[in-house]
Amino acid sequence: MNKNFYFLIFIGFLSATFICAIIISVLPPGYALIAIVIMMLGLLFDVIAASTRFYAYYFMPFIRRKNGMVTLNDEPPFYVTASGNAIIVREDENIYASVFIKIPVYLSSTEMSDEEKLNFSRSFSKMITINSRYPMKLASQLYYLNKDEYIRRISAKLNEVEDKYNKLKSDKTTPDKLLERAEGELAMWHNLFDGVNKSPSQNQMAYAMVSAPGANEEEAVAIAMQRAEEIAAGAGSIFGVSASIATGDEMLVFVEPEYSIPPATISELMKKE
Amino acid sequence: MSMDEETIFRVSITSVLALLFVTYSAAYGPLYVIAIALFMVAFILIMIISFADFVLFPIFTKMLKITTIPAKDYTIPKENDGIVKYVNGLYYATGYVTANIYNYVFQAEQMVEGEETEMAQGPDKWEKAVMNIKFPFKFVAIGQAVDIQKYRDDLEGRRAYIEFQYSKSESAPNVSTTVLEDLKRRMRVLQVRIDRLGAGERPMSSTMYIETTAVGITMNDATNKLTQQVDQLQTVFNVFDLNLMRVVGREMYSLYKLNYYLPTMNELISEFQFQK
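Residue numbers (this note's numbering), protein chains in the order written: chain A, 346 to 618; chain B, 20 to 295.
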């Protein structure tokens, strides 16, 4: 539903209020109670008309609610393009494509002089005002790393080292020095495996997001991509880093909550609690 | 509290219409007092809906026990203070806190000295804050540069006016040193801003907020943890001297949608009551 329709709802309720006011004006004296009832109705319409400023989108779903559930949208909030580098949203009659740009800034204030700190803050201001044609989102996100793959690699390596150690141990001709070395290697991988499971690892990443409307998906994606490339070039020159377009899972970390708290980390979080 | 033109237009029309009812005093006879009371209630409601709807809407959804479904797998509980996603048997509750830090650039009308010192302290404060947070969050700034020439003209106009006030105060018979100092300070601040424009900084229109997500095995568990996280964020980010308010109701829904696409800056500005 578009803004014109919402405005029509506003006009509709205003008209209803006005009709109530006219009815009261033509009521003959002696009908005070009826006048009050009509006034209440008219004021109710008036308040509803005022609420259309921000809540017009809520009206129809509210009327259609079932068991206290107001459904604004029963579709997923977005879908990822086939190329995996943008998300598509349908809002009212428009199609929007959004693209995310990773800005890997690895600087710490402890390594900066006062002047560098001031310049860094100014860079942040410059980054936000990098363009005047469309809004841009600049964010810094702290999220849990998905260590599934990392843990799998360590676990595979641990098994391999364990096999090697067992073989050496069962072989009576193995020199003590070699066995000792294999034992040390095994202990190292065990420690690494235990350590990686102890607490969830976090990562902080800065990113920018730009959106573009389009008549169709391809057009929206093409415009958003062009904007994203401009932003990436600007971010590169302001912060002196290599900014790039996020794709696939690394893009979803910025959008979906389950990617910023991966299921693999939840048991660790629960244990910690 | 700031008002946009559309809100003023709607408030004016609805208020005038409400007022129309009390002009027919003869129709209500002895019940006129009730009519006046009803008008007052309607007027207050119109004002709250138009300028502070975040107070009323959560009360409304709580009273009617309304849960909103903003998209598939997402739920806004009746308290309207978080958005919960149900996925893989877990509940992820997301909440929002306002955090406009741009007092030191171009947005704020009040003139503050020592902005440079504050800016230089920014990276240190940020690192300390992040080190104290052990859960996922994101600090988001949505901005767009505004017309630089218009802004420069405005600043220069204001400086010229203050200069005029200064020369007038200086030639007055009873010269107040406090007034002169204040005018001098305001001129300095304006000059710094004009110089910054010359150095390449651009005036901007912005909205800033913090988003955080908590996970739980039940919806209550997730929303309770979310409240704890929001409280912690409000404590930790207090060092920035920000107005840290938990966003509820319609504006929370608008912020949730900003995860997926950004409308134009004008549309964005007209959506927010306590962010501008």
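We put the CB at the ideal spot given by N, CA and C, even for glycine.
Using beta-carbon distances, tyrosine 424 of chain A does not count as an interface residue toward chain B, since no partner is under 7 Å. In this structure, DSSP gives proline 558 of chain A an extended state, which the three-state scheme calls strand. Put simply, the CB of alanine 366 of chain A is near chain B, with a gap under 7 Å to one of its CB atoms.
Only buried fits methionine 138 of chain B, as 16 or more other CB atoms lie within 10 angstroms of its CB. Counting other Cβ atoms within 10 Å of its Cβ, glutamine 248 of chain B reaches 16 or more and is therefore classed as buried. Under the 8 Å Cβ criterion, the stretch 555–563 of chain A counts as touching the stretch 433–444 of chain A, having at least three qualifying pairs. With contacts defined by Cβ atoms closer than 7 Å, leucine 483 of chain A and isoleucine 473 of chain A form a contacting pair. Taking C-alpha positions only, isoleucine 379 of chain A is separated from isoleucine 369 of chain A by approximately 9 Å.
Comparing C-alpha distances from isoleucine 568 of chain A to each of A:Phe399, A:Phe423, A:Val444 shows the shortest one belongs to A:Val444.
Per DSSP, the beta bridge partners of asparagine 548 of chain A are A:Tyr488. Alanine 56 of chain B counts as exposed, since fewer than 16 other C-beta atoms from the protein chains shown sit within 10 angstroms of its C-beta. Where alanine 164 of chain B is concerned, the enclosing beta strand (DSSP E) starts and stops at 156–164. Residue state for alanine 553 of chain A is assigned as strand, using DSSP reduced to three classes. For secondary structure counted as the beta strand (DSSP E) over 3 or more consecutive residues, the stretch 350–409 of chain A holds no complete run. Around the beta carbon of alanine 61 of chain B, a 10 Å sphere encloses 16 or more other beta carbons of the protein chains shown; the residue is thus reported as buried.
Counting C-beta atoms within 10 angstroms of its own C-beta, isoleucine 433 of chain A has 16 or more neighbours from the protein chains shown and is therefore classed as buried.
From the listed residues B:Lys169, B:Ile161, B:Ala241, B:Ser195, the smallest Cα separation to methionine 284 of chain B is found for B:Ile161. Straight-line measurement puts the Cα of isoleucine 95 of chain B at about 14 Å from the Cα of threonine 237 of chain B. Looking at the DSSP output, alanine 233 of chain B shares a beta bridge with B:Ala112.
Here alanine 118 of chain B is not near isoleucine 288 of chain B, since their CB atoms are 7 Å or more apart. Here the alpha carbon of asparagine 257 of chain B sits roughly 8 Å from the alpha carbon of leucine 263 of chain B. Unbroken alpha helix (DSSP H) stretches of 4 residues or longer found wholly inside the stretch 180–264 of chain B: 196–217, 238–255, given in chain order.
Ranked by how close their Cα comes to the Cα of leucine 389 of chain A, the residues A:Phe423, A:Met596, A:Phe363, A:Phe465 have A:Phe363 in first place. A Cβ of chain A is located within less than 7 Å of the beta carbon of phenylalanine 40 of chain B. The Cβ atoms of valine 116 of chain B and arginine 265 of chain B sit closer than 7 Å to each other.
Of the candidates B:Arg207, B:Glu200, B:Ala191, B:Val198, the residue whose Cα lies closest to the Cα of alanine 179 of chain B is B:Arg207. Where isoleucine 448 of chain A is concerned, the enclosing beta strand (DSSP E) starts and stops at 439–448. Judged by DSSP in its simplified three-state form, threonine 474 of chain A adopts coil rather than helix or strand.
Partner residues in the beta bridge of methionine 414 of chain A, as assigned by DSSP, are A:Lys411, B:Thr86.
Not a single CB atom of chain B sits nearer than 7 Å to the CB of proline 449 of chain A.
Taking a Cβ-Cβ threshold of 7 Å, the residues of chain B close to glutamine 486 of chain A are Lys157, in chain order. Shown here, tyrosine 43 of chain B sits in coil according to DSSP, grouped into three states, outside any helix or strand. Look at glycine 162 of chain B: its C-beta is under 7 Å from a C-beta on chain A.
Among the residues of chain A, none has a CB under 9 Å from the CB of arginine 212 of chain B; the nearest is roughly 12 Å distant.
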